[in-house]
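Trainee: No gaps in the numbering here: position 54 of the sequence shown is 168 in the working numbering, and each next residue is one more. Glycine residues also receive a C-beta, built at the ideal position from the N, C-alpha and C atoms. Predicted model, so just to flag it, every value in this text is computed and none were measured.
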Amino acid sequence: MNKLEPYVIKHEDFNALKKMTSIGERVQWIREKANEMNPAFFTRYRVAEKSNLSQSTIKRIEENEVTNPQRKKLEGIAAYLRVPVEAFFDDFYVGETKSFIICEPEDESIKEIDLEGVSYVVELTALTKSIMANTNEVTFEDKVELTALDYEEFIDDLTTLVEKVKKRRQTWELKRNAYNRLKGVNDEND
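#1: What span of residues does the beta strand (DSSP E) with Asp256 cover, start to end?
#2: Measuring alpha carbon to alpha carbon, tell me which of Lys278, Val235 and Trp143 ends up nearest Thr261.
#3: Going by C-alpha to C-alpha distance, which of Arg282, Leu195 and Glu210 sits closest to Tyr121?
#4: Asn152 and Leu118 - do their beta-carbons sit closer together than 9 Å?
#5: Taking Cβ to Cβ, would you say Glu266 is nearer than 9 Å to Arg145?
#6: Below 6 Å CB to CB, which residues in the same chain sit around Glu176 once its five sequence neighbours on both sides are set aside?
#7: If you drop the 5 nearest sequence neighbours on each side, which residues of the same chain put their C-beta closer than 7 Å to that of Thr211?
#8: Going by the CB atoms, is the gap between Thr239 and Glu255 shorter than 9 Å?
#9: Tell me Tyr121's beta-bridge partners as DSSP assigns them.
#10: Ignoring anything shorter than 4 residues or poking outside the region 157-200, list the alpha helix (DSSP H) runs there in chain order.
#11: Taking just the CA atoms, how far does Lys164 sit from Thr285?
#12: Would you kindly work out how many angstroms separate the C-alpha atoms of Arg174 and Gly298, rounded to a whole number?
#13: When you compare only the Cα positions, how much space is there between Asp271 and Gln169?
#14: Give every residue of the same chain whose Cβ lies closer than 8 Å to the Cβ of Val180, excluding the five residues on either side of it in the sequence, and list them in chain order.
#15: Using a Cβ-Cβ cutoff of less than 6 Å, which residues in the same chain neighbour Phe206 once the five nearest sequence positions on both sides are dropped?
#16: Keeping to the same chain, check which residues put their C-beta closer than 8 Å to that of Arg185; ignore five residues upstream and five downstream.
#17: Quick check on Ile158: buried or exposed, where buried means 16 or more other Cβ atoms within 10 Å of its Cβ?
#18: Mind checking whether Ala192 and Phe202 have CB atoms under 9 Å apart?
#19: Among the residues of its own chain, which have a CB less than 6 Å from the CB of Val315, if the five just before and after it don't count?
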């Protein structure tokens, strides 16, 4: 079993956290410091999984899309990072410098994992459904073996791909509408 490598907040860390203007910035800084000390244990994916939150919730908090997250969610994140939940809030940084520990030793709840060995097998299938012909067709099938380090990046890439395809459709519609407007103008001039 791996023991987590703790990180004691220094005076300059405290001042950097104090200058941050949002809960999300502090959550991200603390999580990234925990991950720096304990690679792969504190990725967004892992923190989300261990905090019973979605990865997108962690992302939205860190990127300040959610400016006032529910305390219960922050408590879950803080518990996994092994920091006081107060460290996310402005009030903690008022007054004299305080110290706290990221990944404060508690118990050995994180299992040792082989970071370079296959940890996940992802089966990908693209099922194309034709609305007009009322048919289904498998257009893509593959298996991908991923290490613990690859997994989060793979999920992010897959999410980005799906978002890109959705945006492409919107962009195509905008171009088609612009083309039709121009065509309408040209038809009137002919």
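Mentor: Inspection of the coordinates gives the following:
#1: According to the DSSP assignment, Asp256 belongs to the beta strand (DSSP E) that extends over Thr249 to Thr261.
#2: Minimum Cα distance to Thr261 is reached at Val235.
#3: The residue from Arg282, Leu195 and Glu210 with its alpha-carbon nearest to that of Tyr121 is Leu195.
#4: In this structure, Leu118 sits near Asn152, with a CB-CB distance shorter than 9 Å.
#5: Contact: no.
#6: Cβ neighbours of Glu176 beyond the five flanking positions: Gly138, Val141 and Gln142.
#7: Excluding sequence positions up to five before and after Thr211, its CB lies within less than 7 Å of the CB of His125 and Phe128, all in the same chain and listed in chain order.
#8: Yes, Cβ-Cβ distance for Glu255 and Thr239 is below 9 Å.
#9: Paired residues: Ile216.
#10: Counting only unbroken stretches of 4 or more residues, the alpha helix (DSSP H) elements lying wholly within the region 157-200 are 158-164, 169-176 and 185-195, in sequence order.
#11: The straight-line gap from Cα to Cα measures roughly 38 Å.
#12: Distance between the alpha carbons of Arg174 and Gly298 is about 43 Å.
#13: In a straight line, the C-alpha of Asp271 is about 13 Å away from that of Gln169.
#14: Counting only Cβ-Cβ distances below 8 Å, and skipping sequence neighbours, we find Gly138, Thr171 and Arg174.
#15: Around Phe206, the same chain offers Glu200 as residues with beta carbons nearer than 6 Å, after the five sequence neighbours per side are excluded.
#16: If we look at Arg185 and ignore the five residues flanking it on each side, its Cβ neighbours are Val199.
#17: Checking the sequence shown, residue 158 turns out to be Arg, not Ile. Residue burial is scored here from C-beta neighbours: Arg158 has at least 16 other C-beta atoms within 10 angstroms and is therefore classed as buried.
#18: Yes; because the gap between Cβ atoms is below 9 Å, this pair is in contact.
#19: With the chain running from 115 to 304 in the structure shown, residue 315 is simply not present.
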